[in-house]
Amino acid sequence: MKKIIACILIMLLVCGCSQNGKSSSTQLFCMDTVMDIRIFGENSEDALQAVSDELYRIESLLDRKSDESDIYKLNNQKEAGIETIKLLKDLLEVSEKTDGAFDVTVAPVMDLWGFYDQNYRVPEPDKIKNALKSVGYRNVVHKNSGVSLLNNAKLDMGGAGKGYASDKAVEILKEYNIESAMLNLGGNVYAYGKRTDGKLWRVGIANPFNGNANEIITVDVEDKAVVTSGGYRRYFEENGREYHHIINPHTGYPAESDIKSVTVISESGTYADAYSTALFVMGSEKAVEFLKTSDIDAIIVCNDKTIYYTDTISGALSISDGFYGKEINKNT
Ligand code: AMP
Ligand code: MG
5 MKKIIACILI
15 MLLVCGCSQN
25 GKSSSTQLFC
35 MDTVMDIRIF
45 GENSEDALQA
55 VSDELYRIES
65 LLDRKSDESD
75 IYKLNNQKEA
85 GIETIKLLKD
95 LLEVSEKTDG
105 AFDVTVAPVM
115 DLWGFYDQNY
125 RVPEPDKIKN
135 ALKSVGYRNV
145 VHKNSGVSLL
155 NNAKLDMGGA
165 GKGYASDKAV
175 EILKEYNIES
185 AMLNLGGNVY
195 AYGKRTDGKL
205 WRVGIANPFN
215 GNANEIITVD
225 VEDKAVVTSG
235 GYRRYFEENG
245 REYHHIINPH
255 TGYPAESDIK
265 SVTVISESGT
275 YADAYSTALF
285 VMGSEKAVEF
295 LKTSDIDAII
305 VCNDKTIYYT
315 DTISGALSIS
325 DGFYGKEINK
335 NT
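If you use the working numbering, the sequence shown corresponds to residues 5 to 336, in order.
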């Protein structure tokens, strides 16, 4: 079914992209989300097609449900291509730097909670305990040019795949000499170059308290990924409690975070995506300490409406009334 939807959307892209000679845009369904691509400049039509192809290629590389993907192969003790191995290496670095708050081996726990088959349920504690035996980024071992998974570990790239896809899309934009584009890969934004009027892109960060109905922060950027994670983005309810999709890999339960949403701003979409997930898991106290000594820029919206942001981006931000901004001073 997904493939059929994808084909229809590709058709829309070819036949129906909005164009005024200098821009092309489309929406496509890829990596389980709606992606919105806008490209400006002479080459925009060809670039749009190439970017779309690239996004579907990354989807088929990382989708663990598809038996042709590299992740499926690794999860079934087969070999994967060099590109996926390199990505895993980069992500293991994030796991190490965040004490395992980000961990691509959360797959068995995600499955237990029903986030894989959409049959949501609260698992029995024993089942979580058992699944946790396979969870842990140290189970991903790089040997020679390959990777092996120990202790029956299974990979889930949901925490960084879209960010990686945005980086690959940016590579294509460069190949096509594009100077201005806005990519929104289901909440993973990449603001490429400047707007056509020469101004910076203004990216809005949605209000996590009212289901994204309005923006509470704007940030002015160029050549930056702006990636938001939050429990409110995907969750289910059981017996009056909400259970969201960002797992604390140490407990196997949805992370008990006082953060409503966290947005990371970085030149790298991959890192922005991975670190936004990790900072959410950490909770605000740890996340603020972490940000003081790292080169990551972030905006953290807490449950109590405090908004922490790194001082390095303070000039680019505008925060709505009713929220309390607090600067994080970098020690570096
Ligand atoms: P994001 O929306 O980028 O924060 O990523 C959430 C998705 O990443 C989930 O739907 C899972 O597929 C996966 N995931 C959940 N918890 C973690 C974690 N602690 N580390 C890495 N990936 C995770
Ligand atoms: Mg992420």
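The beta carbon of each residue, even a glycine, is placed where N, CA and C say it ideally should be.
Cutting at 8 Å between CB atoms, please list the residues of its own chain near residue i, excluding the five before and the five after it.
i, result
"Gly287", "Ala259, Glu260, Ser261, Asp262 and Ile263"
"Ile89", "His146, Ser149, Gly150 and Val151"
"Gly118", "Tyr124, Arg125 and Phe240"
"Val113", "Ile132, Ala135, Leu136, Val139, Ile251, Pro253 and Gly256"
My understanding is that residue i touches residue j, with C-beta atoms under 8 Å, so please give their C-beta distance in whole angstroms.
i, j, result
"Ala320", "Thr267", "Going by Cβ atoms, the distance from Ala320 to Thr267 rounds to 12 Å, so no, they are not a contact pair."
"Ile250", "Phe213", "That pair is no contact at about 17 Å."
"Ala210", "Leu159", "Wrong, their Cβ atoms sit about 29 Å apart, outside the cutoff."
"Gly163", "Thr37", "Gly163 to Thr37, Cβ: 14 Å. No contact."
"Ser56", "Leu32", "6 Å"
"Gly85", "Asp94", "With 8 Å as the limit, Gly85 and Asp94 do not qualify as a contact, their Cβ atoms being about 15 Å apart."
"Thr109", "Ala157", "5 Å"
Relative to the C-alpha of residue i, which residue among the options is closest?
i, options, result
"Tyr124", "Gly326, Val285 and Tyr239", "Tyr239"
"Gly197", "Gly45, Asn143, Thr30 and Asn80", "Gly45"
"Tyr76", "Met161, Asn155, Gln122 and Thr30", "Met161"
"Asp299", "Glu219, Asn216, Thr30 and Lys334", "Lys334"
"Asp224", "Asn211, Val207 and Ala217", "Val207"
"Arg68", "Tyr60, Val174, Arg61 and Leu78", "Leu78"
"Ser27", "Phe284, Arg199 and Ala210", "Arg199"
"Glu63", "Asp121, Met114, Asn155 and Lys166", "Lys166"
"Trp205", "Asp227, Asn216 and Ala217", "Asp227"
"Lys101", "Val174, Tyr279 and Glu58", "Tyr279"
"Lys35", "Met114, Tyr60 and Thr222", "Looking at the sequence itself, residue 35 is Met, so the reference to Lys does not match. Nearest of Met114, Tyr60 and Thr222 to Met35, Cα basis: Tyr60."
Apart from the five residues just before and just after residue i, which ones in its own chain have a Cβ nearer than 7 Å to its Cβ?
i, result
"Ser170", "Leu187, Leu189, Asn192, Tyr194, Ala229 and Gly273"
"Leu96", "Tyr141 and Val144"
"Ile332", "Val292, Leu295, Lys296, Tyr312, Tyr313, Thr314 and Asp315"
"Phe327", "Ile220, Lys309 and Ile311"
"Ala185", "Arg42, Ile43, Phe44, Leu177, Tyr196 and Gly197"
"Leu154", "Asn143 and Val145"
"Gly329", "Ile311, Tyr313 and Ile323"
"Val174", "Tyr194 and Tyr196"
"Ala217", "Asn211"
"Tyr247", "Trp117, Val126, Tyr239, Phe240 and Pro258"
I'd like the list of long-range same chain contacts for residue i, defined as Cβ closer than 6 Å, with 5 residues on each side in sequence excluded.
i, result
"Leu116", "Pro127, Lys131 and Ala135"
"Gly25", "Here the model assigns Gly25 a pLDDT of 45, short of 50, so the residue's position is not dependable, and the following value carries that caveat. Result list for Gly25: empty, nothing under 6 Å."
"Ser270", "Ala229 and Ala276"
"Tyr236", "Pro212"
Could you check where the beta strand (DSSP E) with residue i kicks off and where it finishes?
i, result
"Asp40", "Thr37 to Phe44"
"Gln31", "Ser27 to Cys34"
"Phe284", "From DSSP, Phe284 is part of no beta strand (DSSP E) but of the alpha helix (DSSP H) over Gly273 to Met286."
"Met186", "Ser184 to Leu189"
"Lys147", "Val144 to Lys147"
"Lys330", "Tyr328 to Ile332"
"Lys264", "Ile263 to Ser270"
"Lys228", "Lys228 to Ser233"
"Asp301", "Asp301 to Cys306"
"Tyr313", "Thr310 to Thr314"
"Tyr194", "Asn192 to Gly197"
Starting from residue i, follow the alpha helix (DSSP H) in both directions and report where the run begins and ends.
i, result
"Gly167", "Gly165 to Glu179"
"Lys101", "Ile86 to Lys101"
"Asn206", "The question names Asn, yet the displayed sequence has Arg at residue 206. That residue, Arg206, is in no alpha helix (DSSP H); its beta strand (DSSP E) goes Trp205 to Ala210."
"Ile132", "Pro129 to Leu136"
"Ser48", "Ser48 to Leu66"
"Asp115", "Ala111 to Leu116"
"Asp224", "No alpha helix (DSSP H) holds Asp224; the beta strand (DSSP E) holding it covers Glu219 to Val225."
"Ile75", "Asp74 to Asn79"
Please confirm whether any heavy atom of the ligand GDP lies closer than 8 Å to the CB of residue i.
i, result
"Gly118", "In the structure shown, the ligand GDP is absent; the only ligands present are the ligand AMP and the ligand MG."
Decide yes or no for the touch test of the region 244-260 against the region 95-111: beta carbon pairs closer than 8 Å, at least 3 of them.
Taking a contact to require three or more Cβ pairs closer than 8 Å, the region 244-260 and the region 95-111 qualify as touching.
Quick test of the definition: if touching needs 3 or more C-beta pairs under 8 Å, does the region 178-187 touch the region 50-68?
They touch, by the three-pair rule.
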